[in-house]
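Colleague: I have a structure I would like to understand better, so I am pasting it below and will then ask my questions one at a time.
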Amino acid sequence: MKLAGLDAMGWSARGIRRMTGVALLGLCLPGVAMADQWMKPTAEELAMTSLPKYPGASALYLFREEITRDDLHVVQHYERIKILSEKGKDYANVELGFVASIGNFGGDDKTVGDISGRTIHADGTIIPFTGKPYLKMMEKGKSYKYQARVFTLPDVQVGSIIEYRYATRYNDMFFESPDWYLQGPLFVRSAHFVWYPTSHEMQNEDGQSINSISWFPVLPEGVSIAQKETPGGGTNGGSMRTYEVSLKDVPPAPDEEYMPPIQSFTYRVLFSFTPYRTHAEFWKGEGKRWSKKANSFIGPDGALTAETQPVIAGATTPDEKLRKIYAAVMELENTDYTRDRNRDEEKAAGLKEVHTAVDVLRRKRGDSRQLTYLFVGMARAAGLKAYAMLVPDRANRIFVPNWMDMYHQLSNTVAIVNLDGKDQFFAPGEQYTPYGHLQWEYTLGQGVRQTDSGTDFANTPGESYKSNRTSRIANLTMASDGLVKGPIDLKLEGSPALYWRQQALRGDEESLRKAVRESLEEALPKTLEIKIVSIENLKDYEKPLMIHFEANGVIGTTTGKRMVVPVDLFAVGEGASFPQEKRELPVYFHYPQTVQDALRINLPASMTVEAAPANGRYTLNSLAAYDLTSVTSPSSITVRRNYLFGEVMLMPTDYPALRTFYSQFEAKDQESIVLKASAPATVTGN
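Numbers -11 to 674, taken from this note's numbering, label the letters of the sequence shown in order.
What follows is the structure in structure tokens.
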């Protein structure tokens, strides 16, 4: 998992160090007193058994509160949740996750503590939480730790109210602007968010004076941010400006299949400290600052130029040179898929810290961003015009220029090289991505790129449905007793192949074989057993990934002299994709694609085809197409199915047509072939 905002080039703009008037007090602040009293539950809250507007809701928030105090470097949280069902009891198992950066101050820059809680039964009985939360390590890198404080509230029943408080503390040398995510999986009756910013003069890591606060709000109609001056709240008794939002009756976030990145659509307020007055100033200034640091790392210098020459030896065209460079970078270890080495390991190996692209090349390893920068540097050393570009991961968010935050939004890096007057995009930092392609998370996104004159916004290109291809071919021979056996071949290109190749990097070959087999088993009849025979081209990313299976078992249901077989063996495990009549959000597909299925059943002499589905063809304007054909002979039946989809996102207004298209071809997929035996079949499948 990549953690956005932990920029390898330095602290993000959200972590701001003090400029003046600070005495270093250490990392552990004295306890911050929370409110002494819990909210008293009302009779209506205790008696509540359901949420009429949201039937089936497992729980709801009665109240949420988050108060950020910069003067104390603490965020105070208060959660009150009503449990409505057995499933809702899961909310009693609390996991408070947080990312702590390992800085130069002797410890974590963020901690979670001061945890208290209680359970209130429907009859008003109160059971206080007396346990001790434990610290759970979720993930650890060279400069960060993702941890969680974990605890369970006592004796939670359907009808109970659970409530708990906790405090998030951050390093006394830094100030953090809050992110208020106001909408989640549960309905919220009431919520209250307050930020008391620091009144100290501050500067960022480049020494720029921070003199303003920006925010990006997405709020319900009629709700706004209240700003006011609080007398006596600032340093030395001076006034303090506060920001406050209060909300009531916030609906749960939509939960639909094929959703866009939901955090880009839910209610939220995202704050930032900034030295800039406008969005244009921010992106110009931050783009320049990033590009300067990137170029300092990229080079090329004389050493990188010397190291590049043997790599491109024999190449006569710019494309040939670039292909050799790309292949050389892909041969290096990508530590995002393996592991970082700690300083002791590096020192024992005689290696110094990485400061430039040539350091990465000589070490023969680096993280995704370092490898991308190396590719750009080597391309420049070969005389090509090459640039770096920051892009969002559109699996998780959509870039919003009005939000003045670069590193939380643009968490990944790709390369641009101008060949024959045309910019081409590359992802050398993503292991096994083919030359001239991007992994789907980086396509069709807006980001910030280097140019000859500075930086500018730019869009990454999309991929064609022809580039992302899945082919599934089953050639089965049926015996007179109805059992089948034979090969199933899976051929993957583009994004489907990249997914499994990168999965292999995160495990061993055995775990990959198991995951691939289980994935295909989900599509096939449960009565058909498969095993993997071989995997081809796993590391040869320029070729299709080939996975060969051997199948054995039953594929149909027998009744007397007849056997009913699914027309598309690979769609047996699939249900309706869009059962709901209406849609709130756009329909969001990861990438355009082509899926081609072929099933041939070689029949025994005692069996013939009695009935086969008619050929079918359906289209969705010029965006998608489906066709299914069957051909019978005295000794076999062959069915071919083609599905093409060329779009990524469709608006809710297009949903009825999309639903009709899917309903048509999914119904076709569920039709059957009827085989007739000259004698009663002896095998009964499920």
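In this text, a Cβ means the ideal position worked out from N, Cα and C, and glycines have one as well.
Among all the DSSP beta bridges, which residues are the ones paired with R382?
Modeller: Translated into positions along the sequence shown, residue 382 becomes position 394. DSSP lists no partner for R382.
Colleague: For the putative contact between T344 and G287, defined by C-beta atoms under 8 Å, what is the C-beta separation to the nearest angstrom?
Modeller: By 1-based counting over the sequence shown, the position of residue 344 is 356. By 1-based counting over the sequence shown, the position of residue 287 is 299. Contact holds; Cβ gap of about 6 Å.
Colleague: Is it the case that the Cβ atoms of F119 and Y154 are separated by a distance below 9 Å?
Modeller: Start at 1 with the first residue of the sequence shown, and residue 119 comes out as number 131. Start at 1 with the first residue of the sequence shown, and residue 154 comes out as number 166. Inspection of the sequence shows that residue 119 is occupied by Gly rather than by Phe. No, the Cβ-Cβ distance between G119 and Y154 is not below 9 Å.
Colleague: Go ahead and label E74 buried or exposed: buried means 16 or more other beta carbons lie within 10 angstroms of its beta carbon, across all protein chains shown.
Modeller: Locating residue 74 in the sequence shown gives position 86, counting from the first residue. With fewer than 16 Cβ atoms within 10 Å of its Cβ, E74 is classed as exposed.
Colleague: Is there contact here, the segment 126 to 144 with the segment 65 to 82, by at least three beta-carbon pairs under 8 Å?
Modeller: yes
Colleague: Just to confirm the assignment, what range does the beta strand (DSSP E) spanning P622 have?
Modeller: Mapped onto the sequence shown, residue 622 falls at position 634. P622 -> no beta strand (DSSP E), and no H or E assigned at all.
Colleague: Within the same chain, show all residues whose beta-carbon is closer than 6 Å to that of G94, passing over the 5 residues directly before and after it, in chain order.
Modeller: In the sequence shown, the residue the question calls residue 94 occupies position 106. Annotation note: pLDDT 49 at G94 (below 50); position unreliable, coordinate value reported separately. Cβ neighbours of G94 beyond the five flanking positions: none.
Colleague: Consult DSSP for G482 and reduce its assignment to one of helix, strand or coil.
Modeller: Start at 1 with the first residue of the sequence shown, and residue 482 comes out as number 494. It is coil, neither helix nor strand.
Colleague: Please classify K656 as buried or exposed, where buried requires at least 16 other C-beta atoms within 10 Å of its C-beta.
Modeller: Numbered from 1 along the sequence shown, position 668 holds the residue referred to as residue 656. Buried is the call here.
Colleague: What three-state label does DSSP hand L39 in the structure shown?
Modeller: Here residue 39 is taken as the residue at index 51 of the sequence shown, counted from 1. Three-state DSSP puts L39 in coil, outside helix and strand.
Colleague: Do you know how far the Cα of D324 is from the Cα of M126?
Modeller: The residue labelled residue 126 in the question sits at position 138 within the sequence shown. The residue labelled residue 324 in the question sits at position 336 within the sequence shown. Per the coordinates, the alpha-carbon of M126 lies some 16 Å from the alpha-carbon of D324.
Colleague: Ignore the nearest five residues each way along the sequence and tell me which others in Y42's own chain have a CB closer than 6 Å to its CB.
Modeller: Within the sequence shown, residue 42 is the residue found at index 54, counting from 1. So the list reads F175, once near-sequence residues are dropped.
Colleague: For N92, does the count of other Cβ atoms within 10 angstroms reach 16, so buried, or fall short, so exposed?
Modeller: Here residue 92 is taken as the residue at index 104 of the sequence shown, counted from 1. For N92, the predicted structure reports a pLDDT of 49, less than 50, and the residue's modelled location is therefore unreliable. A value from the coordinates is still provided. The residue is exposed, with fewer than 16 neighbouring Cβ atoms inside 10 Å.
Colleague: Just confirm the distance between the C-beta atoms of I313 and M366, as a whole number of angstroms; I'd bet it's less than 8 Å.
Modeller: Numbered from its first residue, the sequence shown carries residue 313 at position 325. Numbered from its first residue, the sequence shown carries residue 366 at position 378. With a Cβ gap of about 5 Å, I313 and M366 count as contacting.
Colleague: Can you look up Q652 in the DSSP assignment and give me helix, strand or coil?
Modeller: Indexing the sequence shown from 1 puts residue 652 at position 664. Correct three-state label for Q652: helix.
Colleague: Just list the beta strand (DSSP E) runs in the segment 524 to 564, keeping only unbroken ones of 3 residues or longer that don't cross its boundaries, in chain order.
Modeller: 533 to 541, 545 to 547, 550 to 554
Colleague: Excluding sequence positions up to five away, which residues of its chain have a Cβ less than 8 Å from the Cβ of M595?
Modeller: Reading the sequence shown from its first residue, position 607 is the one you call residue 595. Correct list, in chain order: M466, S468, M551, L663, K664, A665, S666.
Colleague: Using 10 angstroms around the beta-carbon of S284, count the other beta-carbons present and answer buried if the total reaches 16, otherwise exposed.
Modeller: Numbered from 1 along the sequence shown, position 296 holds the residue referred to as residue 284. Classification of S284: exposed, given that the 10 Å Cβ count is below 16.
Colleague: Put L663 into one of helix, strand or coil per three-state DSSP.
Modeller: Numbered from 1 along the sequence shown, position 675 holds the residue referred to as residue 663. Assigned with DSSP and collapsed to three states, L663 falls in strand.
Colleague: Hey, out of I543, L478, P513, whose CA is closest to I523's CA?
Modeller: One-based indexing of the sequence shown puts residue 523 at position 535. With distances taken between Cα atoms, I523 lies closest to L478.
Colleague: Taking the alpha-carbon of A88 as reference, which of E517, A35, Y158 has the nearest alpha-carbon?
Modeller: Here the question's residue 88 lines up with position 100 in the sequence shown. Here the closest residue by C-alpha is Y158.
Colleague: Do you know whose CA, among Y184, E498, L39, L292, lies nearest F363's CA?
Modeller: Against the sequence shown, residue 363 aligns to sequence position 375. For the residues Y184, E498, L39, L292, the minimum Cα distance to F363 belongs to L292.
Colleague: Going by DSSP in three states, Y643 sits in which element: helix, strand or coil?
Modeller: The count along the sequence shown starts at 1 and reaches residue 643 at position 655. Correct three-state label for Y643: helix.
Colleague: Counting only the same chain and skipping the five closest in sequence on each side, list residues whose C-beta sits under 7 Å from that of Q358.
Modeller: The sequence position of residue 358 within the sequence shown is 370, counting from 1. Taken in chain order, the residues that qualify are V342, V348.
Colleague: Considering only their Cβ atoms, is the gap separating P185 from D307 smaller than 9 Å?
Modeller: For the purposes of this step, residue 307 is identified with residue 319 of the sequence shown, where counting begins at 1. For the purposes of this step, residue 185 is identified with residue 197 of the sequence shown, where counting begins at 1. No, Cβ-Cβ distance for D307 and P185 is not below 9 Å.
Colleague: Taking the DSSP output, what are the residues bridged to T443?
Modeller: Residue numbering aside, residue 443 sits at position 455 when the sequence shown is read from its first letter. In the DSSP output, where bridge partners are listed per residue, T443 has Q438.
Colleague: Strictly by DSSP, which residues pair up with S89?
Modeller: Reading the sequence shown from its first residue, position 101 is the one you call residue 89. DSSP lists Y132 as partners of S89.
Colleague: Within 10 Å of its beta-carbon, does P380 have 16 or more other beta-carbons around it, so buried, or fewer, so exposed?
Modeller: Taking the sequence shown and counting its residues from 1, one reaches residue 380 at position 392. Buried is the call here.
Colleague: Which one of S234, Y631, L310, L587 has the shortest CA to CA distance from Q652?
Modeller: Numbered from 1 along the sequence shown, position 664 holds the residue referred to as residue 652. Cα-wise, what sits closest to Q652 is Y631.
Colleague: Please look up how many angstroms separate the CB atoms of G435 and M377, rounded, as I've assumed it's under 8 Å.
Modeller: As a position in the sequence shown, residue 435 is number 447, starting the count at 1. As a position in the sequence shown, residue 377 is number 389, starting the count at 1. Their Cβ separation, rounded to whole angstroms, is 6 Å, which keeps G435 and M377 in contact under 8 Å.
Colleague: Since L310 is in the beta strand (DSSP E), which residue starts that stretch and which ends it?
Modeller: Stepping through the sequence shown from its first residue, residue 310 is reached at position 322. Premise fails: L310 lies in the alpha helix (DSSP H), 306 to 318, not in any beta strand (DSSP E).
Colleague: Distance, Cα to Cα, L207 vs L646?
Modeller: Residue 207 sits at position 219 when you count from the first residue of the sequence shown. Residue 646 sits at position 658 when you count from the first residue of the sequence shown. Rounded to the nearest angstrom, the two C-alpha atoms are 30 Å apart.
Colleague: Going by other Cβ atoms of all chains shown within 10 Å of its Cβ, with 16 needed for buried, is R437 buried or exposed?
Modeller: Position 449 of the sequence shown, counted from the start, is the residue given in the question as residue 437. The residue is buried, with at least 16 neighbouring Cβ atoms inside 10 Å.
Colleague: Can you find the residues in the same chain that come closer than 6 Å, C-beta to C-beta, to E481, ignoring five residues on each side of it along the sequence?
Modeller: Counting from 1 along the sequence shown, the entry for residue 481 is found at position 493. Taken in chain order, the residues that qualify are R457, P532.
Colleague: In the structure shown, what three-state DSSP assignment does P242 receive?
Modeller: Mapped onto the sequence shown, residue 242 falls at position 254. Reduced to three states, the DSSP call for P242 is coil.
Colleague: State the start and end residues of the unbroken beta strand (DSSP E) segment that holds T56.
Modeller: Your numbering for residue 56 matches position 68 in the sequence shown. Taken as a continuous stretch (DSSP letters only), the beta strand (DSSP E) holding T56 covers 47 to 57.
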